[in-house]
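Encoded as structure tokens, the structure appears first; notes follow it.
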Amino acid sequence: MDQFDELLHQRAAEESFPLPEDYAGRVFQTCAALDENSRRRQRRHWETWVAAALALFITIPNVSPSAAAAMAEIPGLGALVKVVTFRSYAYNDGHSSMDISVPELSGSDAADTVNQEVHAYTDELMTQFYKDCERIGNGYQDLRVSSVVLTNTDTWFTLRIDATQTEASSYAFSRFYHIDKATGQMISLRDLFRDGTDYVSVLSNEVLRQVEAQMSANQALAYFPEDFAGIDAEQNFYLDANGNLVLVFDEFAIAAGSMGMPEFTIEKNIYQDLLKEAYQKGFV
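Reminder that position 213 of the sequence shown reads as 499 in the numbering used here, one-by-one numbering, no gaps.
Below, the structure is given as structure tokens:
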């Protein structure tokens, strides 16, 4: 990186970058002003200009968080801007190893809230990892944390954080973070349902029904229905392509480790009457 690049990044980090409100409109106005002959004559110049504009469009939000937030507020533009950086941590002492990579979101207060929760969660995992290093000495352990964006539409965003801890055996678990873009709020399972509704029992009964049906069809399955007391009020979930709830259980939570992380798709007709009015017609 040359001195100019370093200066650019430093200025972007230290100073606000007010994005013109008519930034997107200027491109379309310029297109409309060109007649067909002008387009042909100036095609090479136009392609060069567009390439430069796109480079600026991509670079600004990545070097300036304030510019990214401003771009996200432009009608019709925010949903197209995806600004993602990563917090990464690695450790290896020859016995214990750790590899954590989680995204940093930008563009809204809800994104900031997700960042805070993800940071707190990964900090907790790292703290426990280092404690375990002291406990096991020269023993072996490994911690891997990764992520994937499951949904990113105009109305809904879901980030999944996957972790695997390995010592004598391995243990896999996940956390899901949701943003309702229509309200600008971070959402948990309870936020989908009207106050006073017993959605926990309704969803729990359906999970148990599916467990028993699967075990009847395949006796080799190792669920623990007798130990299942019901889902958590803040149960891990995501939305499938049809907008159905998919409830996700950590390894060993409802079945033997050989079953991995069981997932149960709950059809909308089972819980739709319990949803808040805003979600009656769907989520995504």
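We treat Cβ as the ideally placed atom computed from N, Cα and C, and that holds for glycine.
Does residue i come out as helix, strand or coil in the three-state DSSP assignment?
{"i": "M384", "result": "strand"}
{"i": "R329", "result": "For R329, the predicted model reports a pLDDT of 48, less than 50, meaning its position is unreliable; a value from the coordinates is still stated below. Three-state DSSP puts R329 in a helix."}
{"i": "Q414", "result": "helix"}
{"i": "L531", "result": "strand"}
{"i": "A541", "result": "strand"}
{"i": "E553", "result": "coil"}
{"i": "Y426", "result": "coil"}
{"i": "L561", "result": "strand"}
{"i": "T437", "result": "strand"}
Taking its Cβ as the centre, do 16 or more other Cβ atoms sit within 10 Å of residue i, making it buried, or is it exposed?
{"i": "K467", "result": "buried"}
{"i": "Y227", "result": "Summary: the structure shown does not reach residue 227, with the chain confined to residues 287 through 570, and so no result is reported for it."}
{"i": "Q393", "result": "The amino acid occupying residue 393 in the given sequence is Gly; Gln does not appear at that position. Its Cβ being crowded by 16 or more others within 10 Å, G393 is buried."}
{"i": "A356", "result": "Only weak support exists for where A356 lies, its pLDDT of 45 falling under 50; the coordinates are left without a value."}
{"i": "V388", "result": "buried"}
{"i": "Y463", "result": "buried"}
{"i": "E512", "result": "exposed"}
{"i": "F314", "result": "Because the pLDDT at F314 is just 45, under 50, the model does not fix this residue reliably, and the value given afterwards should be weighed accordingly. By the 10 Å Cβ count, F314 comes out exposed."}
{"i": "T551", "result": "exposed"}
{"i": "S374", "result": "exposed"}
{"i": "S502", "result": "exposed"}
{"i": "V404", "result": "buried"}
Pull up the CB-CB distance for residue i and residue j, whole angstroms please, since I reckon it's below 8 Å.
{"i": "D395", "j": "G482", "result": "Actually they do not touch by this definition, with Cβ atoms about 28 Å apart."}
{"i": "V486", "j": "G516", "result": "6 Å"}
{"i": "M545", "j": "L507", "result": "7 Å"}
{"i": "F569", "j": "L525", "result": "5 Å"}
{"i": "T452", "j": "D477", "result": "So it is not a contact: roughly 34 Å between Cβ atoms."}
{"i": "A406", "j": "I465", "result": "That belief does not hold up - the Cβ atoms of A406 and I465 are roughly 17 Å apart, past 8 Å."}
Cα separation between residue i and residue j?
{"i": "Y426", "j": "Y377", "result": "13 Å"}
{"i": "F535", "j": "F510", "result": "12 Å"}
{"i": "I447", "j": "A541", "result": "21 Å"}
{"i": "V400", "j": "T408", "result": "12 Å"}
{"i": "Q505", "j": "Q496", "result": "14 Å"}
{"i": "L560", "j": "R480", "result": "6 Å"}
{"i": "A449", "j": "E492", "result": "27 Å"}
{"i": "N522", "j": "R421", "result": "31 Å"}
{"i": "Q414", "j": "K567", "result": "42 Å"}
{"i": "K554", "j": "Y565", "result": "11 Å"}
{"i": "L411", "j": "S432", "result": "13 Å"}
{"i": "D385", "j": "A527", "result": "31 Å"}
{"i": "F443", "j": "N530", "result": "15 Å"}
{"i": "M547", "j": "Q558", "result": "25 Å"}
{"i": "D518", "j": "E537", "result": "15 Å"}
{"i": "Q500", "j": "S490", "result": "15 Å"}
{"i": "M472", "j": "D379", "result": "38 Å"}
{"i": "Y457", "j": "S474", "result": "24 Å"}
{"i": "D440", "j": "A454", "result": "44 Å"}
{"i": "S383", "j": "G423", "result": "13 Å"}
{"i": "E390", "j": "R430", "result": "17 Å"}
{"i": "Q402", "j": "F514", "result": "31 Å"}
{"i": "V434", "j": "F372", "result": "12 Å"}
{"i": "D418", "j": "I556", "result": "43 Å"}
{"i": "K562", "j": "G543", "result": "36 Å"}
{"i": "N438", "j": "D484", "result": "29 Å"}
{"i": "F459", "j": "E498", "result": "23 Å"}
{"i": "L445", "j": "L436", "result": "6 Å"}
{"i": "R461", "j": "E549", "result": "13 Å"}
Could you tell me whether the Cβ of residue i comes closer than 7 Å to any Cβ of chain C?
{"i": "L560", "result": "Absent from the structure: chain C. Only one protein chain is present."}
(request) Would you mind listing the alpha helix (DSSP H) stretches within the stretch 442-525 that are 4+ residues and don't spill past its ends, in chain order? (result) 485-503
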